[in-house]
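See below for the structure under consideration.
Residue numbers (our numbering): 15 to 350.
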């Protein structure tokens, strides 16, 4: 087998992420170094330094002398759209249990069918962006990446243009960290699918409603022996008649989707939200009866139990308006 980027620079990047478990990370690196049946070839990187005792180009002591576990410091904001992904199931359920949810549709909606794959690439998440681009009058694809601290967002935002489908592919690449959406997809959805999407959206929303509403929430994550500033940012799909609408185009709705909408409600100071799977026309009304208790549960969840409570910043600006987050968003890096 051939192993790339097996050097100290990659180790430092991976171990520097918030909540990184260096013991687990070490095991991942060691497994990668032992996958070859007969021979393992480590491709030398420009950052590698020759060491007398190393695995690949990483000194053995980097694996044997792991730093003591420390509480993370969150210098980059959490994105509402993905901060509930890959978290402990019991913490996700605890957050969901604090929501009021009520189904609005009768379950008889007709599914909007698409050719789901281009080769092995699932196009469903692309349609989620595309439906907003072709429906809302004031839709701006650049807003979807401005708040995103990922390197891929910085890389692809200059490629956005006037083609809604092409832009949707780029935004999906940012969401999934998979460049194949930007580079390999050749298929487009039909005009019939576009018309079905816009007609369905028009049953609940006007084209000129407030779309891509930027929201933020700043505060402090608190533990028994420590605290750290923490920020949440996001872009709600639409706000109409006092309700926040979160639009999905998926096979089925899951708990992180409900929690994304609930976090928008708290961030924006709204009472009512609607989670809408436009693929099947399934709609749910969502409320957060106790925002303070909910945010305590959110902190426990998104920090993987490193912190246990949330304190709102004392000078938090009007809910829903990002406060100074754009400056330096792409220049700061997480640290432990």
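Glycine included, each C-beta is placed from N, C-alpha and C at the ideal position.
Residue i vs residue j beta-carbon contact at 7 Å
i	j	result
residue 158	residue 185	yes
residue 313	residue 88	no
residue 308	residue 112	yes
residue 43	residue 17	no
residue 13	residue 249	In the structure as shown, the chain starts at 15 and stops at 350, and residue 13 therefore has no counterpart that could be examined.
residue 252	residue 259	yes
residue 199	residue 183	yes
residue 117	residue 290	no
residue 271	residue 229	no
residue 327	residue 302	no
residue 115	residue 288	no
residue 321	residue 237	yes
residue 54	residue 15	yes
Residue interval of the beta strand (DSSP E) (run including residue i)
i	result
residue 245	240-254
residue 324	323-326
residue 117	114-117
Rounded C-alpha distance that separates residue i from residue j
i	j	result
residue 324	residue 149	37 Å
residue 128	residue 177	19 Å
residue 134	residue 180	18 Å
residue 132	residue 140	11 Å
residue 206	residue 294	16 Å
residue 240	residue 318	15 Å
residue 27	residue 39	11 Å
residue 338	residue 154	Low confidence applies to residue 338: its pLDDT is 42, below 50, so where it sits in the model is not reliable, and the reading given next is rough at best. Approximately 21 Å, taken between the alpha carbons.
residue 219	residue 124	18 Å
residue 210	residue 216	10 Å
residue 335	residue 92	Confidence at residue 335 is low in this model, with a pLDDT of 47, below 50, so the placement of that residue is unreliable and no value is reported for it.
residue 165	residue 201	26 Å
residue 255	residue 267	23 Å
residue 233	residue 121	40 Å
residue 109	residue 187	28 Å
residue 175	residue 52	49 Å
residue 222	residue 151	6 Å
residue 332	residue 286	Interpretation of residue 332 is limited by its pLDDT of 48, a score under 50 that renders its predicted location unreliable; the figure taken from the coordinates is listed afterwards. So the alpha carbons of these two residues sit roughly 18 Å apart.
residue 305	residue 171	34 Å
residue 194	residue 311	36 Å
residue 138	residue 162	21 Å
residue 19	residue 29	14 Å
residue 36	residue 25	10 Å
residue 284	residue 95	17 Å
residue 23	residue 224	44 Å
residue 21	residue 49	17 Å
residue 160	residue 235	24 Å
residue 257	residue 143	20 Å
residue 90	residue 58	31 Å
residue 107	residue 101	10 Å
Boundaries (first-last residue) of the alpha helix (DSSP H) holding residue i
i	result
residue 158	157-160
residue 193	Element bounds for residue 193: n/a, residue is neither H nor E.
residue 138	138-149
residue 308	305-316
residue 26	22-29
residue 40	36-46
residue 276	269-282
residue 154	Neither: residue 154 is in no alpha helix (DSSP H) and is coded neither H nor E.
residue 110	103-110
residue 168	165-170
Beta-ladder partner(s) of residue i, from DSSP
i	result
residue 291	262 and 296
residue 93	247
residue 231	246
residue 214	None; residue 214 has no bridge partner.
residue 178	Paired residue(s): none; residue 178 is not in a bridge.
residue 209	The partner list for residue 209 (beta bridge, DSSP) is empty, contrary to what the question assumes.
residue 135	132
residue 224	253
residue 187	Residue 187 is not bridged to any residue.
Integer Cβ distance of residue i from residue j, believed to fall under 8 Å
i	j	result
residue 1	residue 136	Only positions 15 to 350 of the chain appear in this structure, which leaves residue 1 out of reach.
residue 212	residue 261	That belief does not hold up - the Cβ atoms of residue 212 and residue 261 are roughly 12 Å apart, past 8 Å.
residue 85	residue 190	Their Cβ separation, rounded to whole angstroms, is 29 Å, which puts residue 85 and residue 190 out of contact at 8 Å.
residue 31	residue 316	Rounded, the Cβ-Cβ distance is 13 Å, inconsistent with contact.
residue 126	residue 214	7 Å
Near the ligand PLP: residue i beta-carbon under 6 Å from a heavy atom
i	result
residue 215	Summarising the ligand content, the structure contains no ligands, and the ligand PLP is consequently not present.
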